[in-house]
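Protein chains in written order, with the working numbering: chain X, 559 to 639; chain Y, 1379 to 1574.
Below: the structure, in structure tokens.
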Amino acid sequence: MITLAGLDKTTALIIAICVIAFLLVVFIVSFILYRKTPPPKGCEHLKIDDGACSHCSEVGCDLYAIYHEKAKDDPSKEKKE
Amino acid sequence: MYAYFVSFLLAIVSYLLIDNVVLQRFYGICSFIGVGNKTKSAVSMGLAVVFVIFFSALICFPIYHYVLVPAGLPFMDTVVYILVIASLVQVVGLFIKKYSPALYKSLGIYLPLITTNCAVLGVVQENTDSLLDFGMSMANALGTSLGYLLMIFVFACIRTRMEAYNAPRAMKGVPLALITAGIMAMAIMGLSGMGA
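Encoded structure:
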């Protein structure tokens, strides 16, 4: 396997920064693509799972906003958080 | 080679039962309590966690040992692991969304929940903190994730049966679930003498 151990410190640092930047780009691109990809037919309106959604803090999820809007109307759901 | 294989299998059993991720190390309690109320949801969540833990451990090990350590940046490990886990979940979600409607239907809402599951980050972090080699890191990833799947399934089965009981109103739901998890943890603790 290729390692950075044989390289001098500056080159190894530059390569490491490039790897981190690459991971960041992969994350941003995958996030945008995930948001833009339409859900498959029949899955447009996934059912909210009260147990899962009340404990989830992923604000990027479509169901997060829907669940918390509903929870405002129904105070018993808000208590679970 | 044979001795290493035996220790690999023993490590998987150890991480699966004796040093269980949820009941002994207390990682991933949030999704364990939240999703462990229906058997089908629990199995879906467990399988998704198995997939993500295994592949994030597989990707993070070489990044830490062959990129971050030689560059003198081992303190950046948590940031890199979070990026890898989040990207992996997004990419997997993207492929499932595009090519597997059936899987998307069963896993769809659990995929974002995995990103915030501390069990995934905990395993990857533990692999580097304990200075495990590649084989043992994979044993940790496999054993831990299968341990999570097993415990969330058993927990969901118990909770499904408990719903039929006439428990006091104040104890229904999460309070009874926490007591159940505590009893399960004590039962698992009984296996800790196996190594000796």
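Cβ coordinates follow ideal geometry from the N, Cα and C atoms, glycine included.
Query, Result
"Within 7 Å (strictly less), CB to CB, does alanine 629 (chain X) reach chain Y?", "no"
"Taking one C-beta from the region 1390 to 1410 of chain Y and one from the region 1525 to 1534 of chain Y each time, how about it: are there three or more such pairs within less than 8 Å?", "yes"
"Between X:Thr569, X:Leu565, X:Val577, X:Thr568, which lies nearest to valine 1462 (chain Y) when the distance is taken from Cα to Cα?", "X:Val577"
"Which term fits glutamate 1504 (chain Y), buried or exposed, when burial requires 16 or more other beta carbons within 10 angstroms of its beta carbon?", "buried"
"Note down, in chain order, every chain X residue with its Cβ under 7 Å from the Cβ of valine 1428 (chain Y).", "Going along chain X, no residue has its Cβ under 7 Å from valine 1428 (chain Y), so there is no contact; the nearest lies around 17 Å."
"Straight-line CA distance for alanine 1389 (chain Y) to glycine 1513 (chain Y)?", "10 Å"
"Measuring CA to CA, which of Y:Cys1535, Y:Asp1511, Y:Gly1424 is closest to tyrosine 1382 (chain Y)?", "Y:Asp1511"
"If I measure Cβ to Cβ from phenylalanine 1433 (chain Y) and keep anything under 7 Å in the same chain, skipping five residues before and after, which residues do I get?", "Leu1466"
"According to DSSP, is glutamine 1468 (chain Y) part of a helix, a strand, or is it coil?", "helix"
"Please determine, among Y:Val1384, Y:Leu1556, Y:Ser1570, the residue with the shortest C-alpha to C-alpha distance to serine 1409 (chain Y).", "Y:Leu1556"
"Buried or exposed for lysine 1475 (chain Y), please, with buried defined as at least 16 other CB atoms from any protein chain shown within 10 angstroms of its CB.", "buried"
"Using a Cβ cut-off of 7 Å, pull out every chain X residue sitting near serine 1465 (chain Y), in sequence order please.", "Leu581, Val584, Phe585, Ser588"
"Buried or exposed, going by whether 16 or more other CB atoms sit within 10 Å of the CB of valine 1384 (chain Y)?", "exposed"
"Below 9 Å between beta carbons is the criterion; list the residues of the region 1393 to 1427 of chain Y that meet it against any residue of chain X, in chain order.", "Cys1408, Ser1409, Ile1411, Gly1412, Val1413, Gly1414, Asn1415, Lys1416, Ser1419, Met1423"
"Can you give me the C-alpha to C-alpha distance between cysteine 1535 (chain Y) and glycine 1560 (chain Y), rounded to a whole angstrom?", "16 Å"
"Quick check on isoleucine 1431 (chain Y): buried or exposed, where buried means 16 or more other Cβ atoms within 10 Å of its Cβ?", "buried"
"What distance in whole Å lies between the Cβ atoms of tyrosine 1482 (chain Y) and proline 596 (chain X), which are believed to be in contact at a cut-off of 8 Å?", "Wrong, their Cβ atoms sit about 11 Å apart, outside the cutoff."
"What residues from chain Y crowd round alanine 570 (chain X), counting only those whose CB sits closer than 7 Å?", "Pro1448, Ala1449"
"So, helix, strand or coil for tyrosine 1543 (chain Y), using DSSP?", "coil"
"Between the alpha carbons of asparagine 1495 (chain Y) and alanine 1480 (chain Y), how many angstroms are there, rounded?", "23 Å"
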